[in-house]
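Asks: If you read the sequence shown in my numbering, its first letter stands for residue 834, the second for the next number, and so on.
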Amino acid sequence: MALLDRRGFGRLALGGTVAAVAAATSGCSAAPIEPAPGARPLRDRAAARGLEFGCEVQHLELRDPAYAAVVAREAAMIVPGTELKWGETEKVRGQPDYAAAEEIAAFAEAHGLRLRGHTAFWYGNMPPWAKAEMRGPDARAVMLKRVSDVVGHFRGRIFEWDVVNEAVEPKDGQPSRLRLAPFGRPVDYGWFADCFHAAHRADPKAKLYYNDYFVEGAMGMEEERRIGVLDFLSAMKRLGAPIHGFGTQSHLAVGRALAPARYARFLADVANLGLEIRVTELDVGDYKLPADIATRDQAVAAYARDYLKPVLAQPATRGVMAWGLRDRDSWLQKVIPRPDGLPERPSPLDDQLNRKPLWEGIGEAFDAAPMHHRSA
Ligand code: XIL
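Here it is, written out as structure tokens:
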């Protein structure tokens, strides 16, 4: 398998566990393999195909110089994991605090990295006062003010915004498949179209994205979600909303069946609306796999490489963001713990910042991708 061949591993900065995978799969002895100082970082392997690689970061993690150096080496683009969410930036109504997000923005600016904005409107992390407002008569105005405020604060500094995150939830039972829960009543597409207008007014140069999850797989629920997302994107275009792209979150897990042909069709439908596409939150849960680290790492890498194939074959795709670069920082450690209590290994780097098979799997997916030509 190309993913685990000696050539691939020869370029890796290897920790003991990864060396064990190499030995187990290549048939060679477990002689230590020295880190290859010249190994091309993922941002370069992506750039060679006209694509971008990037990752989610948190401001406290970036204070560690060793970690920060690796982010600056591997990523062309970064996105704050929580620091721009409403519940973080406006805990007290009318008193915005962007200090944590500013720390990340300063890092991006110092290293010439692009910054993604995540996220202007998301039901999932609202301050308690806003949650209450969303159920009241002023909901629409409060929502639009939030979008204008946060996008306007970073005007000219954020390359691309997830203006709206996770608006689709078929389980909520609306014919539109829009999520009902945050509002406690049906809302129409016009509210979301107005979010895009507000974002565009606040920062006319920013690329504006809709971002959502579970559109890649074979479960019936995922087919429903694909329909809901396409309806959402079509409605934004029909209403004249300034929307430029769709972010496919890509929170994956080995053992969850992918649906590559159906997914490729879905991505083509998104592209045919004139939208670009980005993998915005890639991670690969290993909670269904046995404890053995080599087995897990290899399966995670192979799964990600298979997943990325149809995405990177799509000309509208712009790049891939990993949701966290290092295993220990992954949200999955808390959200979906392994039944055996072992730490998950869902990220491209291990806790010592060594490149894992997943790193190489993503790299090989970039290497195998066609050249992407972009106009902007
Ligand atoms: C997650 C963060 O990674 C966690 O730190 C936080 O506790 C919860 O949110 N989809 C999204 C992201 O769009 O904002 C979520 O991030 C992960 C799922």
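Here a beta-carbon is modelled for each residue, glycine too, at the ideal position from N, C-alpha and C. Since this is a predicted model, take the numbers as computed values, not measurements.
Which same chain residues end up closer than 7 Å to glycine 1194 when comparing Cβ atoms and leaving out the 5 residues on each side of it in sequence?
Replies: Excluding positions up to five away in sequence, the list reads Leu836, Ala1134, Ala1135, Ala1137 and Arg1138.
Asks: With the cut-off set at 8 Å, would you say alanine 939 and glutamate 916 are in Cβ contact?
Replies: The answer is no: Cβ separation not under 8 Å.
Asks: Buried or exposed: which applies to glutamate 999, given that a residue is buried once 16 or more other Cβ atoms fall within 10 Å of its Cβ?
Replies: That one is buried.
Asks: Here's a check: name, in chain order, each residue in its chain whose Cβ is nearer than 6 Å to the Cβ of alanine 1035, leaving out the five neighbours to either side.
Replies: Cβ within range, chain order: Ser981, Val984 and Gly985.
Asks: Measure from the alpha carbon of alanine 1086 to the alpha carbon of each residue in Val1168, Leu1145 and Ala1101, then state which is nearest.
Replies: Of the listed residues, the one whose Cα sits closest to alanine 1086 is Val1168.
Asks: What span of residues does the alpha helix (DSSP H) with glycine 1080 cover, start to end?
Replies: Not the alpha helix (DSSP H): glycine 1080 falls in the beta strand (DSSP E), residues 1078–1081.
Asks: With DSSP collapsed to three states, give me the class of phenylalanine 842.
Replies: Confidence is the limiting factor: at phenylalanine 842 the pLDDT is only 27, short of 50, which leaves the residue's position unreliable, though a coordinate-based value still follows. Here phenylalanine 842 sits in helix by DSSP.
Asks: If you reduce the DSSP assignment to three classes, tell me which class arginine 873 lands in.
Replies: Correct three-state label for arginine 873: coil.
Asks: If you reduce the DSSP assignment to three classes, tell me which class threonine 1128 lands in.
Replies: Here threonine 1128 sits in helix by DSSP.
Asks: Which of helix, strand or coil does DSSP assign to proline 913?
Replies: Strand at proline 913.
Asks: May I have the straight-line CA-CA distance separating glycine 914 from alanine 881, to the nearest angstrom?
Replies: Approximately 27 Å, taken between the alpha carbons.
Asks: Would you check whether the ligand XIL has a heavy atom nearer than 7 Å to the C-beta of asparagine 1105?
Replies: False, no ligand heavy atom lies under 7 Å from that Cβ.
Asks: Is the beta carbon of glycine 950 closer than 8 Å to that of arginine 1207?
Replies: Result no, Cβ atoms of arginine 1207 and glycine 950 do not sit closer than 8 Å.
Asks: To the nearest angstrom, how far is the alpha carbon of aspartate 1160 from that of aspartate 1183?
Replies: Looking at the two C-alpha atoms, the distance is approximately 5 Å.
Asks: Going by C-alpha to C-alpha distance, which of Pro1037, Tyr1042, Lys1040 and Val1062 sits closest to valine 1048?
Replies: The candidate whose alpha carbon is nearest that of valine 1048 is Val1062.
Asks: Locate the beta strand (DSSP E) running through alanine 1086, then write down its first and last residues.
Replies: Where alanine 1086 is concerned, the enclosing beta strand (DSSP E) stretches over 1084–1086.
Asks: Between methionine 1069 and phenylalanine 1029, is the Cβ-Cβ spacing less than 8 Å?
Replies: For methionine 1069 and phenylalanine 1029, yes; Cβs fall inside 8 Å.
Asks: Taking buried to mean at least 16 other C-beta atoms within 10 Å of its own C-beta, is alanine 965 buried or exposed?
Replies: With fewer than 16 other Cβ atoms within 10 Å, it is exposed.
Asks: From glutamate 867 to glutamine 1131, what distance separates their C-alpha atoms?
Replies: Unreliable placement is indicated for glutamate 867, whose pLDDT of 35 sits below 50; the coordinate value is still reported in the next sentence. Roughly 20 Å between the two C-alpha positions.
Asks: Evaluate glutamate 942 with the Cβ neighbour count: other Cβ atoms within 10 Å of its Cβ, from every protein chain shown; 16 or more gives buried, anything less gives exposed.
Replies: With fewer than 16 other Cβ atoms within 10 Å, it is exposed.
Asks: Is the beta carbon of arginine 1012 sitting closer than 8 Å to the one on tyrosine 956?
Replies: Going by C-beta atoms, arginine 1012 is nearer than 8 Å to tyrosine 956.
Asks: With a threshold of 7 Å, establish whether the CB of asparagine 1187 neighbours any heavy atom of the ligand XIL.
Replies: Not under cutoff, so the answer is no.
Asks: I want to check one thing, is the minimum distance from the CB of tyrosine 809 to the heavy atoms of the ligand XIL below 7 Å?
Replies: The structure shown has nothing for residue 809, since the chain only spans 834 to 1209.
Asks: Just the Cα atoms here: how many angstroms apart are alanine 1014 and glycine 969?
Replies: Between alanine 1014 and glycine 969, the C-alpha separation is close to 13 Å.
Asks: Whole-angstrom Cβ separation of tyrosine 929 and glutamate 923, contact assumed at under 8 Å?
Replies: The amino acid at residue 929 is misidentified as tyrosine; the sequence shows proline. The pair is a contact, with the Cβ atoms about 5 Å apart (cut-off 8 Å).
Asks: For arginine 1188, which of helix, strand or coil comes out of DSSP?
Replies: Note: arginine 1188 maps to strand in three-state DSSP.
Asks: Mind listing, in chain order, the continuous alpha helix (DSSP H) runs of no fewer than 4 residues lying wholly within the segment 1029–1083?
Replies: With a minimum length of 4 residues, the continuous alpha helix (DSSP H) runs that stay inside the segment 1029–1083 are 1053–1071.
Asks: Please report the distance separating the alpha-carbon of threonine 1150 from that of glutamate 1109.
Replies: For threonine 1150 and glutamate 1109, the distance between alpha carbons rounds to 6 Å.
Asks: Going by C-alpha distance, which of Met1054, Ala932, Glu885 and Tyr1042 is nearest arginine 1010?
Replies: Nearest of Met1054, Ala932, Glu885 and Tyr1042 to arginine 1010, Cα basis: Met1054.
Asks: Along the chain, where does the beta strand (DSSP E) that runs through tryptophan 955 open and close?
Replies: It spans 947–955 - the beta strand (DSSP E) in which tryptophan 955 sits, taken as one unbroken run.
Asks: Can you grab the Cα-Cα spacing for the pair alanine 876 / aspartate 971, in whole Å?
Replies: The residue you asked about is not alanine; residue 876 is arginine in the sequence shown. Cα to Cα, arginine 876 sits roughly 44 Å from aspartate 971.
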